Every structure is written in C-alpha cells, then in structure tokens.
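Okay, structure first, notes after.
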Amino acid sequence: MTWTLTSSLDEFRAETGDFLAAHPAENTVLLTLVDRLAKLGLNAFGPEAPRFGWWRPGPEAQVAGAFLQTPPFSPRLGRMPTEAGAELAAALHADGVELPGIAGGEAPTWAFVEVWQKAAGCGATVHVNERLYRLGELTDPSPVPDGRARPATAADRELLIAWFDAFLAEIDHPSPDLAAVVDRRTADGDLHIWEVDGRPVSLAGVSPVIAGMSRVGPVFTPPELRGRGYASGVVAAGSAHALAQGADEVLLYTDLANPTSNSIYQKLGYRPVADCVTLDF
C-alpha cells in the first residue's frame, strides 16, 4: 500500500484520470480543480506549486485513492479507503510539508488528522461539517417564488463580486481574486441569477460538466432577502441548466449546521451521498 506524490499535473491526470471519472461524486472537487488548473495554469490558485498524489493498495493494483492541494488552501481528499488517509498524513509529514488543514470524506479525513496531530504536534478544530447531495428527479419549488432565473452578464459584475465576497465571509473562507473569478465564470455561463421585477435577489453557480458531473455552488441570497424561496428558484434553474448541458450527476454541498438549506435542497430532489469535514490545524 503506497502513495505516489508529484507536482506534475500531467502525471496526475495520466495516473488518476480513469479513477476520478469512475467516481465523479466522491471526486467532484478534484475533478473541478484539475479542470481549472489545466485551463488556467498551475498558478491559478497561488504562486506555490500544487501537490498531487494517488494511492494503490498494492504494487500492481489500480489507483484507489487520490488527493490534490492548491496552496495556500488545504489539501482535498478524493475517494479513498480510511487507511489511505492515515498513510497520506505520514507521507506528507515525511516529505516536510506544512499544512493549514485538511478536507474530505469523514472517515479518511479523520484518519489523516489522527496521524497528522501526532506527527506534527498540533491541534485540529472543525471548520465545517458538510453533506454531499446528488440530484435524483428535479422537482420545481413549491410554492414557486416570484421572479425568474437568467444567466449573469457583465452588467452584474460589481454586484456579483460583492455577493461572492459576502458568501466567502459567511463561510470564513479566504478570498481569491474575486474579480477574475466572477469574470471567468460569467463568460463561461456558470453563474445564474434569480431576479424579481428586474432586481437580482439570489445567485447560484453551476460548474462545467466534467466526467458527466456538474456541481452547484456557491448559492447566495443577501440576508435581508432570505426566506422567500429565491434560493430554491435559482438552484432549481441552475440544476436544470446542468442537466441540459449533459450532466448525468448534479451535485451540491450543504453546511450541516444550516437546516434550512438541507431541507430546501431535498425538496428539490437532492439526496444525501456522503458526509465530509473540513478541519483547521
């Protein structure tokens, strides 16, 4: 049982491409990160080189686990057995890596944390507990909220930057170059707005279809406009867009501490897949 670590995106794609595509839900974040790095370059998330790795249960076995890190952000674990999470922590520590935290499926992530805390002599706190959902049959919101959905345009740029900034502040996540993110995602048709009488009231992002998978996020409604069904409307519209683009699986993450979002997405037809955790060291 062994991990192979590399800084080569091409090598990572060659070794893990089939594995990532075979399990698109559990590898959803890795698939989208690989896509962005391939399109935007290795410095898309920061000046430090990304880290990649894959795990095999034996020398001749197929890849059965993968991770990816785009510093300064924490590593993200893809699908892997519990023991692979523990072995990855040992491998990264032996390689002299310093980490701000770790994120992924509950079992391998906690196994990673147990080894990392002992090896690095640090504590760990839960940043967020999330649940991954997969769309079954899309159901219209009930009642249907006032307004309609439309694609975001360049005219929405300043509002979208402000909304992205507010969303990231709410989840206590570092802010990247938001203007560049908004410009790129608007140009790609990834961002959808719910508007009432011509006024934007809610936002949902929808990732490109990769390996038959598309993921909804972020979803944001200004606090003063919540409780009116706007998020349900724009998520339903974004989900329909993903299906129209050929997605076989439409996914989204929810914060388990937010019962409202977990409830409304299930009413739209989303069903639980797995629980995930993000921890800070």
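So that you can map any letter, position 181 of the sequence shown is 181 in the UniProt record's numbering, and since no number is skipped, the others follow by simple counting.
All C-beta atoms, glycine included, are put in the ideal place defined by N, C-alpha and C.
These numbers come from a predicted model, not from an experiment.
Three or more Cβ pairs drawn from the stretch 205-223 and the stretch 248-268 lie within less than 8 Å of each other, which places the two stretches in contact.
Across the set V216, L42 and W55, the C-alpha of L42 shows the shortest separation from the C-alpha of P71. Around the beta-carbon of D190, 16 or more other beta-carbon atoms lie within 10 Å, marking it buried. Exclusion of the five residues before and after R36 leaves A44 as the residues of its chain whose Cβ lies within less than 7 Å of its Cβ. Boundaries of the alpha helix (DSSP H) around T82: T82 to A94. Three or more beta-carbon pairs separated by less than 8 Å link the stretch 63-83 to the stretch 101-111, which places the two stretches in contact. With a threshold of 16 other beta carbon atoms within 10 Å, V29 meets it and is buried. When the five nearest sequence neighbours on each side are left out, the beta carbons in the same chain lying within less than 6 Å of the beta carbon of F167 are those of P218 and F220, in order along the chain.
Per the coordinates, the alpha-carbon of F281 lies some 16 Å from the alpha-carbon of G96. Within the same chain, Cβ atoms closer than 7 Å to the Cβ of D140 are found at A236, the five residues on either side in sequence being excluded. The criterion of a C-beta distance shorter than 8 Å is satisfied by D255 and V128. Taking one beta carbon from each stretch, the stretch 49-68 and the stretch 228-235 have fewer than 3 pairs nearer than 8 Å; the two do not touch.
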